[in-house]
Amino acid sequence: SYWWIFTFMCLQAACSTGGMLTEITLRFVGKEAYGKVRLWGGIGFAFGSFFTGLLAHALGSYGVIFAESMFIGVALACTVFCLAHASHNEQLLTASSAGIDLTVEAPSSAPPSSNDLPNGSAGETT
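Every letter in the sequence shown is one number past the one before it in my numbering, and letter 106, counting from 1, is 97.
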C-alpha cells in the first residue's frame, strides 16, 4: 500500500549517509581523484541495476532482497576494513615522516639508575 512505501521511504531518507560518505570519500581520495571515483560509482550503479534486474527475474523479489542485503553487508564490511587499514597506515606514515619513533621497547626489570631520574636522585622523593 502507499502508506507502507511512504513510511519506509521516510525511514530510508532519515537514515541516509550519502553526505557523510561523500565527505569521507573526498577526504580519502582528494579533490583531484574525486571525479574518477564518482565516474566509477556511476558505472558500478549501472551494472548493479542491470544485474539486479536479471537477479529479480531469476529469483523473484524476496530472493533479490536477500541476495542484495548479503552483498551490501559484505561490501560494507570490506570497505570499513580497508578504510581502517588505510587510516592506520596513514597515521604510521605521518608519524614516521614527522620523526616520531613508534617502536615499543619491553620494560626493564632493573631499578632506574641515577641517570634515568631527574636531578640525579636515585629513588629519592621530595
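Glycine is no exception: its CB is placed at the ideal position from the N, C-alpha and C atoms. None of the values given here were measured: they were computed from a predicted structure.
Distance between beta carbons of residue j and residue i, contact taken as under 8 Å
| i | j | result |
| --- | --- | --- |
| residue 43 | residue 59 | 7 Å |
| residue 55 | residue 67 | Wrong, their Cβ atoms sit about 18 Å apart, outside the cutoff. |
7 Å CB neighbourhood of residue i in its chain, flanking five on each side removed
| i | result |
| --- | --- |
| residue 28 | 16 and 20 |
As assigned by DSSP and simplified to three states, the class of residue i
| i | result |
| --- | --- |
| residue 52 | helix |
| residue 6 | coil |
| residue 40 | helix |
| residue -8 | coil |
Of the listed residues the options, nearest to residue i (C-alpha basis)
| i | options | result |
| --- | --- | --- |
| residue 74 | 18, 40 and 26 | 18 |
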